[in-house]
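0 is the number of the first residue of the sequence shown in the numbering used here; add one for each residue after it. Read through the structure below, which is laid out as structure tokens, and then see the notes.
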Amino acid sequence: MMNTNWNANTHTEEEHRMTVGVIGLTVTGLAWAAVQAEKGLAVLATDPDEDMAEGIQEEMSLPGVEPGLKAALEAQIKSGGLTILTQPRRIFRECRLITLCGMTPAGEDGRPSLRFIESVVRQAANQCPETTVLAVKTTLPPGGIRALQRVAEDAAANREDAVPVHVIALPELYDDGAMMKAMRREAPIVVGEDARYQPVEAALAVMDPDSSRRIYCTPEDAEAAAVSDAARAAFAQVLANYWQDIAADCGASGQKVFEILAKGEKLHRGAGAPLSAGVGGRRLSQELENLKAFEKKELSLIDGFQTANTAHFEKVKAWLMPAVQKITSSGGKVAVLGLSNVPGTDDLRETPAVALLKAMAESFEDQTFEGEKPFALYLPWGMDQAKWRLFRTRAAFTFCASCAEATKNAEMVVILGAWPGMGRMLTPALAKRMAGRQIVDVTGSLDRKKIAALGLKPVGLFEKLEDLN
């Protein structure tokens, strides 16, 4: 039987620490759990998906990359400050402050869905033995905190021994890649609540002993801050990336434009990553929808961007699909490497590259294969997500454990996402393994000169593909 507690140091004197909970083992949830433990709180953490918790227990299998996160988790688990659980029962029983992280996937209408958070709120209202505060550390649609409070009250109404469960906003305002640093000492701690609650104040006294980082406000103000910050980050990405679409439409090579902008901008903000198959995933679509709802109107800038993004995606598809179809229809193999728009993450929600991959394999839907399959896919993270999202065409893919496996006998290699260290694939062995010679890098992440030096042909976004006749 699986041990539902995992804590390498059973002798830690946790009775001297306040015990808090974290539900939702996203990168944000794990970072928040680790930082709270570093500050001196005893942290119990779990996820609604038991497999996610077991993956961290057994292999330290993290949902994404965040500098310093793995080391912090290992240190706090070893010291006894952090315990990973596979079930939330102990958290509800022992913790009077519980942070809820992530868990707002897009619903059928494209808006963030509260169903997972609502489920946790109901469980808390049904199981907590004492007054408890649920702090929501995720971006919600306007009115989300009030709606969750009503869920808690409705659930508690069915208990004879009901206790108050208060839902507050504790939004996450940190950019990926700097989260640990910001949580430890830099970022403000925004608390959206209607009253001061003792469990919150006790935890904040540990996290922010001189009260310099706290900002108290209403839940509505906290929601607005979270939406605005995420929208700011989204538009920063759009503005940083949009040059490539313009360059392509003007007939420019894109690569030279990138070099010019990189040289001119690196001193003050750095050049944006290439637009790839389109901008999406990692909160972007969700936050644009949130911003629309918050403003209560259709914003022409947002609508214009979404229209342009869709047009760009269709242009990428029209450019790449004929070459892919020519290879696969004649029994050849295409290797696809990477899918996430954001380097170093595994978040494939609303990612245009996933939609492009689905389109590439659409003609093979529900087919069975003997021998070599038409597509080989390698992802450094997120393979389980990819298998789920490609379920109708899954049989057409070989899901590979390495770049070497994926590129063996490939007529073409297509790069749809970037990841740290991806340049290490450019070795003489790559050219020997491949049956063809085209490396189609729509992300612009690989060194073209190194590709050419291997005797392979680098192909950037919208550049001419080799005639495969």
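We put the CB at the ideal spot given by N, CA and C, even for glycine.
Based on the DSSP output, what are the partners of residue i in its beta bridges?
i, result
"Ala168", "Val135 and Gly191"
"Gly23", "None, per the DSSP bridge assignment."
"Asp440", "Ile414"
"Val333", "Phe374 and Met411"
"Thr18", "Ala41"
Consult DSSP for residue i and reduce its assignment to one of helix, strand or coil.
i, result
"Ser252", "Here the model assigns Ser252 a pLDDT of 47, short of 50, so the residue's position is not dependable, and the following value carries that caveat. Note: Ser252 maps to coil in three-state DSSP."
"Val64", "coil"
"Leu266", "Annotation note: pLDDT 37 at Leu266 (below 50); position unreliable, coordinate value reported separately. Reduced to three states, the DSSP call for Leu266 is coil."
"Leu260", "At Leu260 the pLDDT is 46, less than 50, meaning the model places this residue with poor confidence; the figure from the coordinates comes in the next sentence. Correct three-state label for Leu260: helix."
"Ala156", "coil"
"Arg469", "What the structure shows of the chain is the stretch from 0 to 468, and residue 469 is not part of that stretch, so it cannot be assessed."
"Phe312", "helix"
"Ser328", "helix"
"Ser275", "coil"
"Ala224", "helix"
"Pro218", "helix"
Between which two residues does the alpha helix (DSSP H) containing residue i stretch?
i, result
"Phe535", "The requested residue 535 does not occur in the structure, where the chain is confined to residues 0 to 468."
"Pro457", "Run containing Pro457: none in the alpha helix (DSSP H); it sits in the beta strand (DSSP E), Lys456 to Val458."
"Ala400", "Segment: none, Ala400 is in no alpha helix (DSSP H) and carries neither H nor E."
"Leu356", "Pro351 to Ala360"
"Arg121", "Arg114 to Gln126"
"Lys386", "Met382 to Arg388"
"Val199", "Gln197 to Met206"
"Met424", "Here Met424 belongs to no alpha helix (DSSP H), and DSSP marks it neither H nor E."
"Gln56", "Glu49 to Glu58"
"Ala452", "Arg447 to Ala452"
Compute the Euclidean distance between the alpha carbons of residue i and residue j, then round it to the nearest angstrom.
i, j, result
"Pro128", "Thr350", "42 angstroms"
"Ala417", "Gln126", "44 angstroms"
"Ala434", "Ile414", "17 angstroms"
"Thr11", "Glu53", "Confidence in Thr11 is poor, its pLDDT being 38 and thus under 50, which makes the residue's placement unreliable; the coordinate value appears in the next sentence. Thr11 and Glu53: Cα-Cα distance of roughly 22 angstroms."
"Leu113", "Ala452", "51 angstroms"
"Ala71", "Val34", "8 angstroms"
"Lys463", "Thr217", "55 angstroms"
"Ala276", "Phe312", "6 angstroms"
"Gly101", "Ala168", "13 angstroms"
"Ala134", "Val189", "11 angstroms"
"Arg268", "Asp160", "Reliability fails at Arg268, whose pLDDT of 38 lies under 50, so the model's placement of it is uncertain and the value that follows must be treated cautiously. Looking at the two C-alpha atoms, the distance is approximately 56 angstroms."
"Gly454", "Arg436", "8 angstroms"
Taking the alpha carbon of residue i as the reference point, which residue from the options has its own alpha carbon closest?
i, options, result
"Ala124", "Leu147, Lys136 and Pro140", "Leu147"
"Pro187", "Met424, Met206, Val21 and Arg423", "Met206"
"Ala354", "Met424, Thr85, Ser362 and Lys316", "Lys316"
"Val42", "Ile55, Arg423 and Gly20", "Gly20"
"Leu338", "Arg388, Pro321 and Glu185", "Arg388"
"Glu132", "Met59, Ala194 and Pro140", "The sequence as given places Val at residue 132; Glu does not occur at that position. The shortest C-alpha separation from Val132 is found at Ala194."
"Ala358", "Ser211, Met179 and Gln324", "Gln324"
What I want to know is whether the C-beta of residue i ends up closer than 7 angstroms to one or more non-hydrogen atoms of the ligand HEM.
i, result
"Leu415", "Of ligands this structure carries none, so the ligand HEM is not represented either."
Could you check where the beta strand (DSSP E) with residue i kicks off and where it finishes?
i, result
"Lys43", "Looking at the sequence shown, residue 43 is not Lys but Leu. Ala41 to Thr45 is the span of the beta strand (DSSP E), which, as asked, contains Leu43."
"Leu96", "Leu96 to Cys100"
"Leu81", "Leu81 to Leu84"
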